[in-house]
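Visitor: Structure in structure tokens, see below.
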Amino acid sequence: MLNIALPKGRLGEKCYDMFERAGLGCPSIRDGGRKLIFENEESGVRYFWAKPSDVAIYVERGAADIGVVGKDILSEYSPDVYELLDLGIGKCRMCVAAKKDFEDDTDRSLRVATKFTNCAREFYAGRGRDIDIIHLNGSIEIAPIIGLSDVIVDIVETGTTLRENDLEVIEEIFPISARLIANKASYAFMSPQIRALADSLAAEIKADGEKQEAAE
Amino acid sequence: MLSPVNVRLSGEEIAGLQLRALYSGAGYTQYRMSKFEEYDLYARNKDFLLASQIITFSDGGRLMALKPDVTLSIVKNTEDSPQQTQKLFYDEQVYRASDPAEGFKEIRQIGLECLGAIDNDCVAEVVVLAARSLIEAGAGQRAMLSISPISVLSGLLEKAGLSADDRDLLTGLISDKKIHEIRSLCAGFGIDAASAEALCTFAWGFGSAGEMLGLLESLPEGLIGAGELQQLKTICAALGPELSKIVRVDFSSAGGSRYYSGISFKGYIDGVPQAVLSGGQYDGLMRSMGRSGGAIGFAVYMDLLGLRLRGREVRIC
Numbered sequence: 004m005l006n007i008a009l010p011k012g013r014l015g016e017k018c019y020d021m022f023e024r025a026g027l028g029c030p031s032i033r034d035g036g037r038k039l040i041f042e043n044e045e046s047g048v049r050y051f052w053a054k055p056s057d058v059a060i061y062v063e064r065g066a067a068d069i070g071v072v073g074k075d076i077l078s079e080y081s082p083d084v085y086e087l088l089d090l091g092i093g094k095c096r097m098c099v100a101a102k103k104d105f106e107d108d109t110d111r112s113l114r115v116a117t118k119f120t121n122c123a124r125e126f127y128a129g130r131g132r133d134i135d136i137i138h139l140n141g142s143i144e145i146a147p148i149i150g151l152s153d154v155i156v157d158i159v160e161t162g163t164t165l166r167e168n169d170l171e172v173i174e175e176i177f178p179i180s181a182r183l184i185a186n187k188a189s190y191a192f193m194s195p196q197i198r199a200l201a202d203s204l205a206a207e208i209k210a211d212g213e214k215q216e217a218a219e
Numbered sequence: 003m004l005s006p007v008n009v010r011l012s013g014e015e016i017a018g019l020q021l022r023a024l025y026s027g028a029g030y031t032q033y034r035m036s037k038f039e040e041y042d043l044y045a046r047n048k049d050f051l052l053a054s055q056i057i058t059f060s061d062g063g064r065l066m067a068l069k070p071d072v073t074l075s076i077v078k079n080t081e082d083s084p085q086q087t088q089k090l091f092y093d094e095q096v097y098r099a100s101d102p103a104e105g106f107k108e109i110r111q112i113g114l115e116c117l118g119a120i121d122n123d124c125v126a127e128v129v130v131l132a133a134r135s136l137i138e139a140g141a142g143q144r145a146m147l148s149i150s151p152i153s154v155l156s157g158l159l160e161k162a163g164l165s166a167d168d169r170d171l172l173t174g175l176i177s178d179k180k181i182h183e184i185r186s187l188c189a190g191f192g193i194d195a196a197s198a199e200a201l202c203t204f205a206w207g208f209g210s211a212g213e214m215l216g217l218l219e220s221l222p223e224g225l226i227g228a229g230e231l232q233q234l235k236t237i238c239a240a241l242g243p244e245l246s247k248i249v250r251v252d253f254s255s256a257g258g259s260r261y262y263s264g265i266s267f268k269g270y271i272d273g274v275p276q277a278v279l280s281g282g283q284y285d286g287l288m289r290s291m292g293r294s295g296g297a298i299g300f301a302v303y304m305d306l307l308g309l310r311l312r313g314r315e316v317r318i319c
């Protein structure tokens, strides 16, 4: 039985569609309701919905053999897992944003509000810039507006939230998309199955890309 | 005369006894050590340590550490004997915080070290003992030993004309099986598509050492060193048909490339989410500690193994 952890929400549903097309269907998952675990003995697969930021933990700890997680989570927590494939969905960017009139005062530490403290620390360490990290769990955009921080490091998808709060992206740190990850021990025992799935998903992504190119 | 006693042994204790019997039966002598070492040993060799943090204390002006590692102490405390092979095994506790969030842990490790004159037969013997350890200690659970011939990979990358930094970058991606990034990095380095695909194949891993050998022999002459091919052949022959079933070649087992050279391996027991066995050749550490001989060894992490052996008690009267 292949245990798969998917992130709850729209991204997870998109991922499930891809997995289903790759031959790992589990029809009961579409029944709705609040159930979180779904199994299809016929195709030898068990899915469970998990909080997006917890998927990597389920996979690292072996509760799931594979899973789908954003590059932001992988970069922030560095779980000990294999990162097998860029699924090319859930695309966004890890960015530095600030108020429109922001000017960096290099005389003092830069106050950075973020949920992604490791990503921020690594980015500014690479620049040799001294920073003061302010760890927040949500509504990060408020921090520069009320003077709690100079900048924020956060995920930007369309930029609408930033615009509506008079903030703007001043730098992109890295692009983000959903990744297929695998537990290392599970891979040792199930590599043919996991590789077949990854190959099938890769072929689907490639075909989609070619279709899009042709349409453009 | 001793009076009879009732003893209940846990699954972990039974596995420990089986491993000790396996290693002493193969001619390895037990090496016992104290729990402490001067901190300076670890400060000088921090590149070769798995632990990022060490428990230290002052002992009459000397800064001491609770051992986070066994191998460094064995290398430090044994004679440099490049003409002879010293075969040692240990059953020790180490203290480390591999994940700072989890805090320090006392971990029981049982393992072996082979120091001095290390030839292909010696490497093959240690790989065979690693595979047998998984069978003995796994108590009937499915086992898998992933071996990574690091020298084959580093040789290929050197021949591609990459700098040391670029080789490290690519080796890291192969270790994480980031196939998509390997392809784009190879394109950036100007590596041809066929070689890039070969590297991706290495990253995915192989079914068996025999299959891997077949692929390497089919590559253009001179691409793979004769020494590396011969070592794999010796390992394949030593494993035989029974052990070959539980051994696969996987370049992502390379782990810390600075620590291991030549070959490295990781062992898995079905149902345990992490590697329960880890080891390889560590000639680099020997050089760094002023030793002229080679070395190879592995450790079995009894705490992880214990997760799978819970409830497997045996009562001895």
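Top line first, the protein sequences correspond to chains A and B. Position in the first sequence (first residue = 1) + 3 = the numbering used here. Position in the second sequence (first residue = 1) + 2 = the numbering used here. Backbone N, C-alpha and C fix where the C-beta goes; we use that ideal spot for every residue, glycine too.
Give the DSSP-derived three-state secondary structure of G18 of chain B in the structure shown.
Guide: Taking the first residue of the second sequence as position 1, residue 18 of chain B is located at position 16. If DSSP states are grouped into helix, strand and coil, G18 of chain B belongs with the helices.
Visitor: Taking Q276 of chain B as part of the beta strand (DSSP E), name the residues at either end of that continuous run.
Guide: Taking the second sequence and counting its residues from 1, the one referred to as residue 276 of chain B is at position 274. Counting along the chain, Q276 of chain B falls outside any beta strand (DSSP E), and DSSP gives it neither H nor E.
Visitor: Just curious, the alpha helix (DSSP H) that V130 of chain B is in, first and last residue?
Guide: The residue given as residue 130 of chain B occupies position 128 in the second sequence. First-last of the alpha helix (DSSP H) with V130 of chain B: N122 to A139.
Visitor: Can you tell me which residues form a DSSP beta bridge with S280 of chain B?
Guide: What you label residue 280 of chain B is simply residue 278 of the second sequence in a count that begins at 1. Partner(s): B:K268 and B:A301.
Visitor: Give, in chain order, every unbroken run of the alpha helix (DSSP H) that is at least 4 residues long and sits entirely within the region 40 to 66 of chain B.
Guide: Runs of the alpha helix (DSSP H) inside the region 40 to 66 of chain B: 41 to 46.
Visitor: Taking a cut of 7 Å between CB atoms, which residues from the region 101 to 121 of chain A lie near chain B?
Guide: From the region 101 to 121 of chain A, no residue has a Cβ closer than 7 Å to chain B.
Visitor: With a Cβ-Cβ cutoff of 8 Å, do S153 of chain B and S263 of chain B count as a contact?
Guide: If you number the second sequence from 1, residue 153 of chain B lands on position 151. If you number the second sequence from 1, residue 263 of chain B lands on position 261. A contact, by the Cβ cut-off of 8 Å.
Visitor: Helix, strand or coil for L164 of chain B per DSSP?
Guide: Stepping through the second sequence from its first residue, residue 164 of chain B is reached at position 162. DSSP places L164 of chain B in coil when its eight states are reduced to three.
Visitor: Taking 8 Å as the cut-off, decide whether the C-beta atoms of Y85 of chain A and D178 of chain B are in contact.
Guide: Here residue 85 of chain A is taken as the residue at index 82 of the first sequence, counted from 1. Here residue 178 of chain B is taken as the residue at index 176 of the second sequence, counted from 1. Cβ distance < 8 Å, so Y85 of chain A and D178 of chain B count as in contact.
Visitor: Curious, which full-length alpha helix (DSSP H) runs of at least 4 residues does the region 217 to 255 of chain B contain?
Guide: Segments of the alpha helix (DSSP H) lying fully in the region 217 to 255 of chain B: 228 to 246.
Visitor: So that I know if they touch, is there some Cβ in chain B lying closer than 8 Å to that of A188 of chain A?
Guide: What you label residue 188 of chain A is simply residue 185 of the first sequence in a count that begins at 1. So, interface residue.
Visitor: Considering only the beta carbon of each residue, do A132 of chain B and A240 of chain B sit closer than 8 Å?
Guide: Position 130 of the second sequence, counted from the first residue, corresponds to residue 132 of chain B. Position 238 of the second sequence, counted from the first residue, corresponds to residue 240 of chain B. No, the Cβ-Cβ distance between A132 of chain B and A240 of chain B is not below 8 Å.
Visitor: According to a CB-to-CB cut-off of less than 7 Å, which residues of the region 138 to 151 of chain B neighbour chain A?
Guide: Here the close residues are R144, M146 and S148.
Visitor: Can you pull out the residues from the region 177 to 206 of chain B whose beta carbon lies closer than 7 Å to at least one beta carbon of chain A?
Guide: Here the close residues are D178, K179, K180, I181, H182 and W206.
Visitor: Any Cβ of chain A within less than 8 Å of the Cβ of Y270 of chain B?
Guide: Position 268 of the second sequence, counting from 1, holds the residue named residue 270 of chain B. So, interface residue.
Visitor: Would S254 of chain B count as contacting chain A if we go by Cβ distances under 8 Å?
Guide: One-based indexing of the second sequence puts residue 254 of chain B at position 252. S254 of chain B counts as touching chain A.
Visitor: Which of the three DSSP states, helix, strand or coil, is assigned to L11 of chain B?
Guide: Here residue 11 of chain B corresponds to residue number 9 of the second sequence, with the count starting at 1. Of the three classes helix, strand and coil, the one that applies to L11 of chain B here is strand, per DSSP.
Visitor: In terms of residue numbering, what span does the alpha helix (DSSP H) encompassing I184 of chain B cover?
Guide: For the purposes of this step, residue 184 of chain B is identified with residue 182 of the second sequence, where counting begins at 1. I184 of chain B -> alpha helix (DSSP H) spans I181 to F191.
Visitor: In the DSSP assignment, the beta strand (DSSP E) including C221 of chain A goes from what residue to what residue?
Guide: In the structure as shown, chain A starts at 4 and stops at 219, and residue 221 of chain A therefore has no counterpart that could be examined.
Visitor: Roughly how many angstroms separate the alpha carbons of M4 of chain A and Y50 of chain A, rounded to a whole number?
Guide: Within the first sequence, numbered from 1, the residue matching residue 4 of chain A stands at position 1. Within the first sequence, numbered from 1, the residue matching residue 50 of chain A stands at position 47. Approximately 10 Å, taken between the alpha carbons.
Visitor: According to DSSP, is M4 of chain A helix, strand or coil?
Guide: Residue numbering aside, residue 4 of chain A sits at position 1 when the first sequence is read from its first letter. The answer is coil: DSSP assigns M4 of chain A none of H, G, I, E or B.
Visitor: Could you list the residues in the region 38 to 63 of chain B with a C-beta less than 7 Å from some C-beta on chain A, going in chain order?
Guide: Cβ contacts with chain A come from no residue of the region 38 to 63 of chain B.
Visitor: How far does the beta strand (DSSP E) with N43 of chain A in it reach, from first residue to last?
Guide: The residue labelled residue 43 of chain A in the question sits at position 40 within the first sequence. That run of the beta strand (DSSP E) goes I40 to N43.
Visitor: Any Cβ of chain A within less than 8 Å of the Cβ of Q276 of chain B?
Guide: Start at 1 with the first residue of the second sequence, and residue 276 of chain B comes out as number 274. Cβ-Cβ to chain A under 8 Å: yes for Q276 of chain B.
Visitor: Sort out for me which residues DSSP pairs W52 of chain A with in a bridge.
Guide: Position 49 of the first sequence, counted from the start, is the residue given in the question as residue 52 of chain A. In the DSSP output, where bridge partners are listed per residue, W52 of chain A has A:L9.
Visitor: For L159 of chain B, which of B:K37, B:L279, B:F191 and B:L21 has the nearest alpha-carbon?
Guide: Within the second sequence, numbered from 1, the residue matching residue 159 of chain B stands at position 157. Out of B:K37, B:L279, B:F191 and B:L21, B:F191 has the C-alpha closest to the C-alpha of L159 of chain B.
Visitor: Within 8 Å of any Cβ in chain B, is that where the Cβ of S142 of chain A sits?
Guide: As a position in the first sequence, residue 142 of chain A is number 139, starting the count at 1. Not one chain B Cβ lies under 8 Å of S142 of chain A.
Visitor: Under 8 Å by Cβ, that's how I've got G299 of chain B and L74 of chain B pegged, so tell me the actual separation to the nearest angstrom.
Guide: As a first step, residue 299 of chain B is located in the second sequence; it is residue number 297 there, counting from the start. As a first step, residue 74 of chain B is located in the second sequence; it is residue number 72 there, counting from the start. 12 Å between Cβ atoms; not a contact.
Visitor: Excluding the 5 residues flanking G157 of chain B on each side, which residues of the same chain have their C-beta closer than 7 Å to its C-beta?
Guide: As a first step, residue 157 of chain B must be located in the second sequence, where it is residue number 155. Same-chain partners within the cutoff: I226, G227 and E230.
Visitor: Whole-angstrom Cβ separation of R144 of chain B and D272 of chain B, contact assumed at under 8 Å?
Guide: By one-based count along the second sequence, residue 144 of chain B stands at place 142. By one-based count along the second sequence, residue 272 of chain B stands at place 270. Indeed they touch by this definition, with Cβ atoms about 4 Å apart.
Visitor: Using C-beta distances below 6 Å, list every residue in its chain close to A58 of chain A, excluding the 5 sequence neighbours before and after it, in chain order.
Guide: Residue numbering aside, residue 58 of chain A sits at position 55 when the first sequence is read from its first letter. Inspection of the sequence shows that residue 58 of chain A is occupied by Val rather than by Ala. Excluding residues within five positions, the ones whose Cβ falls inside 6 Å are A8, P10, G70 and V72.
Visitor: So, helix, strand or coil for M214 of chain B, using DSSP?
Guide: Here residue 214 of chain B refers to the residue found at position 212 of the second sequence. It is helical.
Visitor: Can you look up L151 of chain A in the DSSP assignment and give me helix, strand or coil?
Guide: The residue you call residue 151 of chain A lines up with position 148 of the first sequence. Looking at L151 of chain A - three-state DSSP - the assignment turns out to be coil, as it is neither helix nor strand.
Visitor: Is the distance from the Cβ of I265 of chain B to the Cβ of G242 of chain B below 8 Å?
Guide: To locate residue 265 of chain B, count along the second sequence from 1; it is residue 263. To locate residue 242 of chain B, count along the second sequence from 1; it is residue 240. Not a contact, by the Cβ cut-off of 8 Å.
Visitor: Kindly identify the DSSP beta-bridge partner or partners of A200 of chain B.
Guide: Along the second sequence, one-based indexing puts residue 200 of chain B at 198. Its beta-bridge partners do not exist; DSSP assigns none.
Visitor: Go through its chain and collect everything with a Cβ distance to M35 of chain B's Cβ below 8 Å, but skip five positions before and after it.
Guide: Working through the second sequence from its first residue, we reach residue 35 of chain B at position 33. Result list for M35 of chain B: K69, V72, S75, I76, N79, Y92 and E94, in chain order.
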